[in-house]
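See structure below.
Chains as they are written, first to last, in our numbering: chain U, 18 to 324; chain E, 223 to 759.
Spelled out as structure tokens, the structure:
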């Protein structure tokens, strides 16, 4: 418990430094975001001034950042250039991304570990070769190829899933994009599980257990697999953060209005408050995910807890 | 006790049923008058859209916003399929000197909240757009109305929030005084910025931007669900000529055109007006008659920084123009969907002349090289400027670079691909030292909309020509649109002879729709969503 609290307190400086760094980076981007909003049309100087004033764009970096942080402490995350409050925007988009990430993550977890165990137990067999070949393929092919192909094949031609959008809600609308998004991580999870399991099955304690006459199911399930899952859990923890942040391409292909799409657009538009808001939240998720991973280590391996 | 409670419940249920029935009857009658369908399922259809920026008429020039606003607002004037201005919310727009205009508003029109549409509704809307501190995008459209400067002072806050050139004579007469004679004024009134706003809007302009109330055939149906959907339904208050033939439209928002196209193929969205050029041939085959290609008003140009000595010679600029094979690029990059241009204005603009540019825009590598050498050739690095907003820019710039290499012998060509947010700043500050991509999206079909904004004073190329400016001014002051056209054409000839900006091609909008829709009448100016009928089968 104390450990968990300690870790959370460590997150505070991380939070301050990240927001400042991100703010500086967006600030340093070249160009005039307000001018770019108008496209090729002429904009009177007075209108530009009004807009720059409204978003504090004329102020130096530290003053801008100060305005932003003051707002954050009052619970105001600022607003986009089109006047939408960032907090409202995050709420809407966050739900979409969370649903997508959870779908992908469950897919990775269940199918990935399942395939890994299957391959690890039958090392050198047909299942093992098939899993190795399949995962190599998935890792090699870029996600947008997988995405578009899956969309055209399973969505459009076979009609098994909705092609795009969130109309049908969770889980139906999120199944196909979740599988596409999770396919890359799934390949890693399967391979990690397999390698780790193969190693552990050769370990002395497994031989001892076998010699003692324990049932094979118990040896694998309780002893070998539990020890094999430590690297897998590390990966799954970090990957949850990745899934939240790294869905730009998948969200684009399947028209899911999530965080990834928003960050991409906002960086292009140089909407400081949005980028900072989103990235900070992502950092928090990473921190929490890592904390959960560390706590899980203790469950999987009591030696870590007692040390 | 129990009994009485039951009775009350029964009464309540009966009341609800009765209310429901009478409600249905009412809307059913409405449908029978307008649509002629049975009153079962509502006849709605969906249109693919990109997230709009704003929904206040004065604060957006985004074509996506305008697609929505076109259904919920009637502008004073509209442009018919032939590019001619026709009356819509206005009864007449007249002037004897092209400077003081009298706009008569049609009587008996209502906003969807029941407020009557009066001359004041227009004055309020225009004043708000012109008021500098509001910071609205369409502010500059009101720059030629008297009193604009007072609302947009160089320093400090304006002392008034009303244009002195706008006079509400009576409830259906608006008098507009311009800073100078302007024959194209009635055409500009078709632009969305000139739509009226109800009094209710000014209580909370921010809320209005999210849920606009208009005077058009549709009204907003529920809140704007950002990045997901905007729904509109038939407005009961509407008494104009654009009676909706369906019950409503769902604008489904897509982040990618490719995804929207996939959804069109899957029948998940009924109308898509931006089929990606790369998918056009396939869509044509797949959709047959339901694939529509309309020539738009958007043009691409290649501009020269004429303030740079190396590009100061008009012959050199013409040589570059003649060395570009427009048809080959259009075929290779845009699947032949766009139209190579030999004129500065798009074909749908009144006063357009096919081949106005003559041999200067015809592909002739031999003559181009001759002219190029005569003009002294080019030394050093030729930098080509474009933004990273769309991958097709680099594709066609690459083709242009190859043709200039082959046909003019310029060996050292480099790309200056600039982030979209920095591109306009670069051009505005004249930091470019080579030809740049210039694009123009037409606001209203008048040669003035092209010539004055792109070649007029303070243009990006740094090009100055007094004769050109005088001709445009004369045309603006001409007695009628017809009388203005020859003058604009003379101005266009000068700009073509000097060639500070090379015309390349005209965009075509590729649209497609599903079998459910009937009576689809897309034009370059509007999607006419109100005419569309829905087959309920």
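Just so you know, even glycine gets a beta-carbon here, dropped at the ideal spot from N, CA and C.
If you're wondering where the values come from, they're calculated on a predicted model, not measured in any experiment.
Contact annotation: residue 523 of chain E and residue 725 of chain E have beta-carbon atoms nearer than 8 Å. Cβ-Cβ distances below 8 Å link residue 282 of chain E to 274, 275, 276, 288, 291, 359, 360 and 414 in the same chain, with the five nearest sequence neighbours on each side left out; the list follows chain order. For residue 173 of chain U, there is no enclosing alpha helix (DSSP H), as DSSP gives it neither H nor E. In the DSSP annotation of this structure, residue 723 of chain E is not part of any alpha helix (DSSP H); the continuous beta strand (DSSP E) holding it starts and ends at 723-735.
Residue nearest to residue 351 of chain E within the set E:341, E:365 and E:339 is E:365 (criterion: CA-CA distance). Cβ contact annotation for residue 313 of chain U (same chain, cutoff 8 Å, sequence separation greater than five): 250 and 254, in chain order. Proximity of residue 354 of chain E to chain U, defined by a Cβ-Cβ separation below 8 Å, is satisfied. At a cut-off of 8 Å between beta-carbon atoms, residue 269 of chain U makes contact with chain E. Approximately 18 Å separates the beta-carbon atoms of residue 80 of chain U and residue 94 of chain U; this is outside 8 Å, ruling out the contact. The DSSP-derived three-state label of residue 261 of chain U is helix. In terms of Cα proximity to residue 417 of chain E, the closest of E:475, E:298 and E:314 is E:298. Taking 8 Å as the CB threshold, residue 289 of chain U stays off the interface with chain E.
Residue E:660 holds the alpha-carbon nearest to the alpha-carbon of residue 525 of chain E among E:660, E:752, E:387 and E:294. Pairwise C-beta distances place the stretch 454-462 of chain E out of contact with the stretch 183-197 of chain U, as fewer than three of them are shorter than 8 Å.
Residue 607 of chain E is not a Cβ neighbour of residue 652 of chain E, given a cutoff of 8 Å. Relative to the Cα of residue 76 of chain U, the nearest Cα in the group U:44, U:213, U:96 and U:60 belongs to U:44.
Residue 373 of chain E counts as buried, since at least 16 other C-beta atoms from the protein chains shown sit within 10 angstroms of its C-beta. If you look at residue 451 of chain E, you'll find it in the beta strand (DSSP E) that goes 451-456. If one requires a minimum length of 3 residues, the beta strand (DSSP E) runs lying completely within the stretch 653-704 of chain E are 658-662, in chain order. Approximately 45 Å separates the beta-carbon atoms of residue 474 of chain E and residue 402 of chain E; this is outside 8 Å, ruling out the contact.
In the structure shown, the three-state DSSP call for residue 366 of chain E is coil.
Residue 709 of chain E has a beta carbon lying at 8 Å or more from every beta carbon in chain U. Residues of the stretch 181-210 of chain U whose Cβ lies closer than 9 Å to any Cβ of chain E, in chain order: 181, 182, 183 and 184. Burial of residue 40 of chain U is indicated by the presence of at least 16 other C-beta atoms within 10 angstroms of its C-beta.
Against chain E, a Cβ distance below 8 Å from residue 173 of chain U picks out 484, 487 and 488.
Separation of residue 96 of chain U and residue 107 of chain U (C-alpha to C-alpha, rounded to the nearest whole angstrom) is 11 Å. A distance below 6 Å between beta-carbons, with the five flanking residues on each side excluded, links residue 191 of chain U to the following residues of its chain, in chain order: 116, 117 and 120. Residue range 613-630 is occupied by the alpha helix (DSSP H) that includes residue 627 of chain E. Residue 308 of chain E counts as exposed, since fewer than 16 other C-beta atoms from the protein chains shown sit within 10 angstroms of its C-beta. Within chain U, the C-beta atoms nearer than 9 Å to that of residue 431 of chain E come from 99 and 100, in chain order.
Minimum Cα-Cα distance from residue 197 of chain U among the listed residues U:146, U:144, U:269 and U:111 corresponds to U:269. Look at the stretch 261-276 of chain E: the residues with a C-beta under 8 Å from a C-beta of chain U are 275 and 276. Taking 8 Å as the cut-off, the Cβ atoms of residue 438 of chain E and residue 296 of chain E count as close.
In this model, residue 491 of chain E and residue 642 of chain E are separated by some 30 Å (Cα to Cα). Here residue 633 of chain E is exposed: its Cβ has fewer than 16 other Cβ atoms, across all protein chains shown, within 10 Å. With respect to the 8 Å criterion, residue 480 of chain E and residue 503 of chain E are not classified as neighbours on the basis of their beta carbons.
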